[in-house]
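Below is one structure; the comments refer to it alone.
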Amino acid sequence: MSPRWARSKGTGGEEAGAKDADGVGSGDRLPIGGGSGGGDRLRAGRPTALRPRRLLARHPLARFLLRRTATAALLALGVTLVTFVLTNLVPGDPAAANLGQRAIGDPAIVAQFRHHYGLDKPLPVQYVTYLGNLLHGDLGESQQSHQSVLTDLSTAVPATLELAGAAIVISLIVGVAFGVVAALRRDRLTDQLLRVVSLLGVSVPTFWLALLAFYVFFYRLGWAPGSGRLDPGMTAPPHVTGLYTIDAALAGQWPVFWSAVGHLALPALVLTAYTVGLLTRFTRSAVLEVLNQDYVRAARAKGLPARTVLFQYILRAALVPVITVAGLAFGALLSGTVLVESIFAWPGLGAYAYRSATTLDLPAVMGVGLVVGLVYLTVNLAVDVLYGVIDPRVRVQ
9 MSPRWARSKG
19 TGGEEAGAKD
29 ADGVGSGDRL
39 PIGGGSGGGD
49 RLRAGRPTAL
59 RPRRLLARHP
69 LARFLLRRTA
79 TAALLALGVT
89 LVTFVLTNLV
99 PGDPAAANLG
109 QRAIGDPAIV
119 AQFRHHYGLD
129 KPLPVQYVTY
139 LGNLLHGDLG
149 ESQQSHQSVL
159 TDLSTAVPAT
169 LELAGAAIVI
179 SLIVGVAFGV
189 VAALRRDRLT
199 DQLLRVVSLL
209 GVSVPTFWLA
219 LLAFYVFFYR
229 LGWAPGSGRL
239 DPGMTAPPHV
249 TGLYTIDAAL
259 AGQWPVFWSA
269 VGHLALPALV
279 LTAYTVGLLT
289 RFTRSAVLEV
299 LNQDYVRAAR
309 AKGLPARTVL
319 FQYILRAALV
329 PVITVAGLAF
339 GALLSGTVLV
349 ESIFAWPGLG
359 AYAYRSATTL
369 DLPAVMGVGL
379 VVGLVYLTVN
389 LAVDVLYGVI
399 DPRVRVQ
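When the letters of the sequence shown are read in order and numbered with my numbering, they come out as residues 9 to 405.
Structure (structure tokens):
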């Protein structure tokens with residue numbers, strides 16, 4: 009009988025009722041197999057509950073997520089500092105850009121404008137004030153819309169997420185399929201055609217393709233429904249996610265749903281051109297590298313079906329670098345849709361950033377920069393987690 013077990017069998021004095029640092033009474037534990045380790049004990053009458061420290065010790069993924077989350081928090085702080093500094097280094101006077109010609113000539117109105125937005129304070133004080141408001145979820149007031157930046161972003165961000173999300177889903181399906189087919193048909197006619205398509209995709213400027221697609225499919229053929237997110241006269245579905253296709257489906261408003269899909273299709277397809285070409289090239293290279301591995305040749309020599317070899321051996325290893333490219337491409341889509349959104353009058357983050365930058369709306373510009381930075385951090389974290397899900401060697405490391 010161990011000394012600890014002897015103490016727990018006491019008469020109910022201080023030792024039996026004493027609790028350790030985790031708040032668990034020692035008298036509630038039973039030893040198993042005479043071991044003294046914490047993992048060999050069970051709590052009487054209920055299943056074992058791992059302490060947070062033991063949970064982190066036993067699950068490398070939990071330790072990894074905790075470490076990456078802490079790093080992401082520091083990087084987010086750096087994003088706020090860089091965004092603030094760069095925004096305030098832009099030459100120009102926000103008062104002159106936002107006040108009218110008559111108001112800018114009145115010093116009292118200019119002083120009131122600067123005091124209202126805190127522009128009359130030193131930059132370090134402005135940054136500390138900005139961080140303090142940020143901790144309370146306050147991104148400031150837009151100098152153009154005169155409402156909270158958070159309110160503006162709550163409308164613009166879902167529109168861009170819907171557009172970029174549709175583009176990246178289509179790109180992953182088409183790009184990975186093209187890359188796999190090109191690798192399996194190496195140096196054949198199919199491979200050469202797909203390589204030409206991927207080269208065109210990464211070479212054609214997106215804004216030029218958007219103008220061409222809008223002219224052909226809207227003005228000439230009349231297949232595209234036009235600009236905006238819905239047909240004229242339609243009202244937005246009840247707000248749940250801000251994504252019109254999902255909100256309309258949840259509300260059962262199918263005419264609105266199909267209108268949203270129709271308006272979404274053409275700009276999303278335009279955005280996929282570059283990403284499809286990029287993913288096709290990376291997938292082809294990754295699959296060709298895996299095809300030469302010994303375990304793939306061994307699997308084929310054992311007579312495994314071609315589908316099993318492809319999905320369980322080749323794709324699992326080849327998708328790791330493809331996921332990295334897809335994550336970076338998704339971040340680029342979110343921050344690089346300015347011209348496409350302007351051409352299709354899509355009320356998203358790119359159009360909002362463009363308006364804010366041209367009017368020196370500093371709180372709005374900083375809000376956009378913060379959102380884009382957080383999206384990149386989140387995507388990178390998700391990509392690192394997916395590494396471990398797809399490739400067991402990453403989990404072991």
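From the three backbone atoms N, C-alpha and C, an ideal C-beta is built for every residue, glycine too.
Bear in mind that the values here come from a model prediction, so they are computed numbers and not experimental data.
### Task
Note down, in chain order, each residue of its chain lying with its Cβ closer than 6 Å to the Cβ of Gln134, except the 5 sequence neighbours on either side.
Taking the sequence shown and counting its residues from 1, the one referred to as residue 134 is at position 126. The answer, listed in chain order, is Gly126.
### Message
Here's the rule I'm using: 16 or more other beta-carbon atoms within 10 Å means buried, otherwise exposed. How should Trp354 be labelled?
### Response
On the sequence shown, position 346 is the one that residue 354 refers to. It counts as buried.
### Task
Give the range of the alpha helix (DSSP H) segment to which Thr249 is assigned.
Reading the sequence shown from its first residue, position 241 is the one you call residue 249. Premise fails: Thr249 is in no alpha helix (DSSP H) and is neither H nor E.
### Task
Tell me, please, whether the segment 301-316 touches the segment 266-276 by the rule of three or more beta-carbon pairs shorter than 8 Å.
No: the two stretches stay apart, fewer than three of their Cβ pairs being nearer than 8 Å.
### Query
Smallest Cα separation from Val380: which of Arg203, Ile254, Gly356, Val393?
Residue mapping note: residue 380 aligns to position 372 of the sequence shown, counting from 1. Distances from the alpha-carbon of Val380 to those of Arg203, Ile254, Gly356, Val393 put Gly356 closest.
### Task
Under 8 Å by Cβ, that's how I've got Ala372 and Gln200 pegged, so tell me the actual separation to the nearest angstrom.
Sequence index remark: in the sequence shown, residue 372 carries index 364 (1-based). Sequence index remark: in the sequence shown, residue 200 carries index 192 (1-based). No, Ala372 and Gln200 are not in contact; Cβ-Cβ is about 48 Å, not under 8 Å.
### Query
In angstroms, rounded to a whole number, what distance separates the CA positions of Ala244 and Arg292?
Here residue 244 refers to the residue found at position 236 of the sequence shown. Here residue 292 refers to the residue found at position 284 of the sequence shown. Each residue's alpha carbon lies about 41 Å from the other.
### Query
Buried or exposed: where does Ser211 fall if 16 or more other Cβ atoms within 10 Å of its Cβ makes it buried?
Here residue 211 is taken as the residue at index 203 of the sequence shown, counted from 1. Ser211 is exposed by the Cβ-count criterion.
### Query
Which residues bound the alpha helix (DSSP H) around Arg228?
Along the sequence shown, read from residue 1 onward, the residue named residue 228 stands at position 220. Taken as a continuous stretch (DSSP letters only), Arg228 belongs to no alpha helix (DSSP H), as it is neither H nor E.
#### Entry: Per DSSP, the bridge partner or partners of Glu149
Stepping through the sequence shown from its first residue, residue 149 is reached at position 141. The partner list for Glu149 (beta bridge, DSSP) reads Ser156.
### Task
Give the secondary structure of Asp128 by DSSP, where H, G and I count as helix, E and B as strand, and everything else as coil.
Along the sequence shown, read from residue 1 onward, the residue named residue 128 stands at position 120. Looking at Asp128 - three-state DSSP - the assignment turns out to be coil, as it is neither helix nor strand.
### As assigned by DSSP and simplified to three states, the class of Asp195
In the sequence shown, counting from the first residue as 1, residue 195 sits at position 187. Three-state result, Asp195: coil.
### Query
For the 8 Å Cβ check, are there 3 or more pairs between the segment 279-292 and the segment 207-224?
Yes, the segment 279-292 is in contact with the segment 207-224.
### Query
Could you check where the alpha helix (DSSP H) with Ala232 kicks off and where it finishes?
Within the sequence shown, residue 232 is the residue found at index 224, counting from 1. No alpha helix (DSSP H) holds Ala232; DSSP gives it neither H nor E.
### Query
In the structure shown, what three-state DSSP assignment does Gly113 receive?
Position 105 of the sequence shown, counting from 1, holds the residue named residue 113. Here Gly113 sits in coil by DSSP.
### Message
I'd like to know whether the C-beta atoms of Ser350 and Ala337 end up nearer to each other than 8 Å.
### Response
For the purposes of this step, residue 350 is taken as the residue at position 342 of the sequence shown. For the purposes of this step, residue 337 is taken as the residue at position 329 of the sequence shown. Cβ distance not < 8 Å, so Ser350 and Ala337 don't count as in contact.
### Task
Starting from Ala218, trace the alpha helix (DSSP H) both ways and give me its first and last residue.
Indexing the sequence shown from 1 puts residue 218 at position 210. It spans 214-222 - the alpha helix (DSSP H) in which Ala218 sits, taken as one unbroken run.
### Task
Determine the DSSP secondary structure at Ser34, reduced to helix, strand or coil.
Sequence index remark: in the sequence shown, residue 34 carries index 26 (1-based). Here the model assigns Ser34 a pLDDT of 40, short of 50, so the residue's position is not dependable, and the following value carries that caveat. In the structure shown, Ser34 adopts helical secondary structure according to DSSP, grouped into three states.
### Query
Within the chosen definition, does the segment 81-96 reach the segment 135-154 through at least 3 CB pairs nearer than 8 Å?
A contact exists between the segment 81-96 and the segment 135-154.
### Query
Within 10 angstroms of its Cβ, does Val188 collect 16 or more other Cβ (buried), or is it exposed?
Along the sequence shown, read from residue 1 onward, the residue named residue 188 stands at position 180. When all chains shown are included, Val188 counts as buried.
### Task
Hey, could you find the ends of the alpha helix (DSSP H) Leu287 is sitting in?
Reading the sequence shown from its first residue, position 279 is the one you call residue 287. Leu287 -> alpha helix (DSSP H) spans 262-299.
### Task
Figure out for me which residue from Leu382, Val391, Val387 has the closest Cα to the Cα of Leu82.
What you label residue 82 is simply residue 74 of the sequence shown in a count that begins at 1. Put simply, of Leu382, Val391, Val387 the residue whose alpha carbon is nearest the alpha carbon of Leu82 is Leu382.
### Task
With DSSP as the reference, label Asp302 as helix, strand or coil.
If you number the sequence shown from 1, residue 302 lands on position 294. Asp302: helix per DSSP, three-state reduction.
#### Entry: DSSP-derived helix/strand/coil call for His144
Within the sequence shown, numbered from 1, the residue matching residue 144 stands at position 136. His144 falls in the coil class under three-state DSSP.
### Query
Nearest CA to the CA of Glu170: which residue from Ala218, Asp255, Ile117, Tyr138?
The count along the sequence shown starts at 1 and reaches residue 170 at position 162. Taking only the C-alpha atoms, the option nearest Glu170 is Asp255.
### Task
Helix, strand or coil for Tyr87, going by three-state DSSP, please let me know.
Mapped onto the sequence shown, residue 87 falls at position 79. According to the sequence as given, residue 87 is Val; it is not Tyr. Three-state result, Val87: helix.
### Nearest-angstrom beta carbon gap, Ala276 and Ala340 [assumed within contact, 8 Å]
Working through the sequence shown from its first residue, we reach residue 340 at position 332. Working through the sequence shown from its first residue, we reach residue 276 at position 268. Not really, about 15 Å apart at Cβ, beyond 8 Å.
### Query
Grouping DSSP H, G and I as helix and E and B as strand, with all else coil, what is Leu394?
Walking along the sequence shown from the start, residue 394 turns up at place 386. Per DSSP, reduced to three states, the secondary structure at Leu394 is helical.
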